[in-house]
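Student: One structure, as structure tokens, below. Some questions next.
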Amino acid sequence: MKASSKVQYWLPRILAQLPARFQQGKMPYAFFFALTVIGVLLAYAVLSPYPYASVIFSLFAAFLMGLLWRVHRGMSLDLAVNLATGLGACVLLYGVWVAGGIYSPRLAWLLVLPLTPFYVIGRKAGIFWTAVVLALQLLTVAANHMGWITPFETGMAHVLSSFMTYALVTCVLIVVPLMYDHVYREALELGKSHQRELEERQQELMHSAQMREHFIALVSHELRTPMNAILGFNALLLARLGDKPEARKVLNHTRQSADHLMTVINDILDYSQLQAGQLVIQPETFELRKTIENAFELFLPRVKSMDLVYRMEIDEGLPQWVHTDRHRLMQVLVNLLGNALKFTHQGRVVLRVQWQNPGVLFSVQDTGIGIPQDRQAQIFSRFSQANGDIQSLYGGNGLGLAISRTLVHLLGGEIDFESKHGQGSRFWFHLPLAASAAPSTQEHTPNQLLHTRSVPWRFLIVDDHPVNRLLARQVLKNAWPDSVIEEAGDGQQALDVLQTKAFDLVLMDMVMPVMDGIEATQWIRQQLPMPAQNVVILGLTANVNPVDLEAFKSKGLNDVMLKPFVPEHMCAKVEHWLLHRG
Ligand code: ADP
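In short: position in the sequence shown from 1, add 10, done, that's our numbering.
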């Protein structure tokens, strides 16, 4: 073992035996150093041949012991070191004075005096005490010059005491930097191990974030896929029922429950995306009034059975076209209206939209149960409800307002509310909207009549779920009764069919066994001969992550539709692409 590593092996073990106060930071080293100095002083008290030396050195040693005791009881280390160094300087000056002044071997001790403040307190204290030492040396030079100092003496006693001075100073000069080096290494090791720990934590966090995203994507797919069939068939049945009010009522209930379930699923997915910073705003130009009316009218069926005034007041001056994320604006409006209706049993719920040039102020006022003053600060926090009974009485997950607030912020606006317990609430949000030019080409609206109804289009539906294939088939057949529809259970089967038959449009599910929709699309675009290579491919996915959706499009899909889809929307999109084929 090398000498330095021996020191590094033993030092910590010895230091661990010290009283608690001397075990932290630089304390152990200061303690060890003080003990050494006390030992040296006691040796000098016995060996020194000079007058009063034994008294002076013993007193100084006692003073140092007293200081150690004071530090043990809580005195600051810096103060103790300064006091000890100051008294040490006086004692050394005495030693130098009686032993030959500038010729005295005791001067060696003066040289090491600033070491302790330098290493224990800091650079400034070290420099200060170095200046003091230099001044004392100059003083001795002056004293020698004036003849005030006892001349330098020779003899065996002086030789021994000088040797002891030089030997001890030499040791101190080696040991002190070694100790400092040890402190430095220890701090470095500690820093490194903290960094390693932080890196490990970061890895773990990244891993769990990835797992969470994966889990959300999976859940999103798994939940939305069956919802696609439930909502889709429900819409188909409703369209066919005609004048059977009882059956309509039942189907409407199913529809409402399924819609509610979809809201919960979407809330949870939205919230996790917001957490992961993945929720992206997708602005479009749309008619503001229509969107507000849509949101308002969504609740009309529910209000019919309630004893409530449900009103909408829209400012006449509101711009017709605006540019923002229509879907998200609708989501916030629906959430505020839904809450107002949920928590209001009598009186009124009023939706007001005011043009503030610039910007639009939306507010939803109700005469409902209100929110107690002491709960108002938390109401926008996630999973927060006004009190414990809300969940059992009204349901809900406490996410709606947290999501709404983030969405309004993402849209560049602000949201707030005022509420009086037992009297009602007014939730409002302001969006920095400006009048926009009307878009040049209008997208198909769901209710538009299909122009291509009688064309015998050839469709290929690719989906691994037979129920989904059935639903898509029904929707397409309803819209285009003369169409020819084929089905494939995965991407590989789709390729086989496409190699033998021509199609006008392929509806392609994204997640499938054997070969998924992305791979199949790439194959079609790269490997199939013309014109099969150019067939229109509409992707169907339950994945709502906008980053993934963009990635899908870049792989060769003409467009992507989210599941669950509204049948009319799907038909409008299909027709759009049939008419705009390359
Ligand atoms: P949820 O309605 O699903 O519980 P929200 O985040 O939308 O979640 O609302 C959080 C809480 O804020 C509600 O549980 C309710 O206590 C309170 N709250 C929201 N809107 C109103 C309102 N219009 N009147 C009274 N309380 C409300």
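In this text, a Cβ means the ideal position worked out from N, Cα and C, and glycines have one as well.
1. Should the stretch 200-220 be regarded as contacting the stretch 85-93, the criterion being three or more beta carbon pairs within less than 8 Å?
2. Roughly how far, in whole angstroms, is the beta-carbon of Ala99 from the beta-carbon of Tyr60, given that I think they are within contact range, below 8 Å?
3. What do you get for Phe575, buried or exposed, if any count of 16 or more other CB atoms within 10 angstroms of its CB means buried?
4. Give the straight-line distance between the Cα atoms of Asn594 and Asn238, rounded to the nearest whole angstrom.
5. For Leu588, name the three-state secondary structure that DSSP assigns.
6. Would the stretch 311-322 and the stretch 357-364 be scored as touching if the rule is three or more Cβ pairs under 8 Å?
7. Who does Ser429 pair with in a DSSP beta bridge?
8. Give me, in chain order, the residues of the same chain whose beta-carbon lies closer than 6 Å to that of Ile4; leave out the 5 immediate sequence neighbours on both sides.
9. Relative to the C-alpha of Leu508, which residue among Ile379, Arg535, Gln383 is closest?
10. The ligand ADP heavy atoms versus the CB of Phe309: any closer than 7 Å?
11. What is the rounded straight-line gap between the Cα of Leu441 and the Cα of Gly422?
12. Once the 5 residues before and after Val344 are set aside, which same chain residues still bring their CB inside 7 Å of it?
13. Please go through the same chain and pick out, in chain order, the residues whose beta-carbon is closer than 6 Å to the beta-carbon of Ile528, but skip the five residues on each side of it.
14. Give the DSSP-derived three-state secondary structure of Asn457 in the structure shown.
15. Under three-state DSSP, which class holds Gly165?
16. Tell me, please, whether the stretch 72-83 touches the stretch 41-49 by the rule of three or more beta-carbon pairs shorter than 8 Å.
17. Which residues does DSSP list as the beta-bridge partners of Leu251?
18. Whole angstroms is fine: what's the gap from Val584's alpha carbon to Val374's?
19. Is the beta carbon of Ala552 less than 8 Å from the beta carbon of Thr235?
20. So for Gln452, helix, strand or coil by DSSP?
21. Report back the beta-carbon spacing between Tyr39 and Met189 to the nearest angstrom; my notes put them in contact at under 8 Å.
22. Could you tell me the distance, in whole angstroms, from the CA atom of Pro255 to the CA atom of Leu248?
23. Span of the alpha helix (DSSP H) holding Asp506?
24. Which ranges does the alpha helix (DSSP H) cover as unbroken runs of at least 4 residues, wholly within the stretch 296-362, from first to last along the chain?
25. Report the partner residues of Gly649 according to the DSSP bridge assignment.
26. Is any heavy atom of the ligand ADP found at a distance shorter than 7 Å from the C-beta of Ala412?
27. To which residues of the same chain is Ser414 closer than 6 Å at the C-beta, ignoring the five residues directly before and after it?
28. Just to confirm the assignment: which complete alpha helix (DSSP H) runs, minimum length 4, are found wholly within the stretch 16-91?
29. Can you tell which of Gly84, Gly287, Ala153, Phe70 has the C-alpha that lies nearest to the C-alpha of Val101?
30. Measure the alpha-carbon distance for Val485 versus Leu246 and round it to whole angstroms.
31. Out of Lys259, Pro368, Leu310, point me to the one whose CA is closest to Gly347's CA.
32. DSSP has Ser373 in a bridge; who is on the other side?
33. Check this for me: beta carbons of Thr160 and Ala118, under 8 Å apart or not?
34. Count the other C-beta atoms from every protein chain shown that fall within 10 angstroms of the C-beta of Trp79, then say buried if there are 16 or more, exposed otherwise.
35. Just mark Pro382 as buried or exposed, buried being the case when its beta carbon has 16 or more other beta carbons within 10 Å.
Tutor: This is what the structure gives:
1. They do not touch, by the three-pair rule.
2. With a Cβ gap of about 17 Å, Ala99 and Tyr60 do not count as contacting.
3. Answer is buried; the Cβ neighbour count reaches 16.
4. Residue coverage of the chain in this structure runs from 11 to 592, which leaves residue 594 outside it and unanswerable.
5. Helix at Leu588.
6. Touching, yes.
7. Residue pairing for Ser429: DSSP places it in a beta bridge opposite Ser435.
8. In the structure as shown, the chain starts at 11 and stops at 592, and residue 4 therefore has no counterpart that could be examined.
9. Leu508 has its Cα closest to that of Arg535, out of Ile379, Arg535, Gln383.
10. Answer for Phe309: no, Cβ out of range of the ligand ADP.
11. CA-to-CA, the gap between Leu441 and Gly422 works out to about 7 Å.
12. Ala305, Leu308, listed in sequence order.
13. Sequence-distant Cβ neighbours of Ile528 in its own chain, meaning closer than 6 Å and more than five residues away, are Lys565.
14. The predicted position of Asn457 is uncertain, since its pLDDT is 45 and thus under 50; no value can be drawn from it.
15. If DSSP states are grouped into helix, strand and coil, Gly165 belongs with coil.
16. These segments touch.
17. DSSP lists no beta-bridge partner residue for Leu251.
18. About 37 Å.
19. Closer than 8 Å, so yes.
20. Here the model assigns Gln452 a pLDDT of 48, short of 50, so the residue's position is not dependable, and the following value carries that caveat. Three-state result, Gln452: coil.
21. About 5 Å; that satisfies the 8 Å criterion.
22. The alpha-carbon atoms of Pro255 and Leu248 are separated by roughly 10 Å.
23. It spans 501-510 - the alpha helix (DSSP H) in which Asp506 sits, taken as one unbroken run.
24. The DSSP assignment places 298-307, 310-314, 336-352 as complete runs of the alpha helix (DSSP H) inside the stretch 296-362, in order along the chain (cut-off: 4 residues).
25. No answer is possible for residue 649: the residues shown for the chain start at 11 and end at 592.
26. Under cutoff, so the answer is yes.
27. Result list for Ser414: Val342, Asn345, in chain order.
28. Those alpha helix (DSSP H) runs which fall completely within the stretch 16-91 and span 4+ residues are 37-57, 63-82.
29. Its Cα nearest to that of Val101, the residue Phe70 stands out among Gly84, Gly287, Ala153, Phe70.
30. Each residue's alpha carbon lies about 7 Å from the other.
31. Per the sequence shown, residue 347 should be read as Leu rather than Gly. Comparing Cα positions, the closest option is Leu310.
32. Bridge partners of Ser373: Arg362, Trp438.
33. The answer is no: Cβ separation not under 8 Å.
34. Residue environment: Trp79 is assigned as exposed (fewer than 16 neighbouring CB atoms within 10 Å of its CB, all protein chains considered).
35. Around the C-beta of Pro382, fewer than 16 other C-beta atoms lie within 10 Å, and the residue is accordingly described as exposed.
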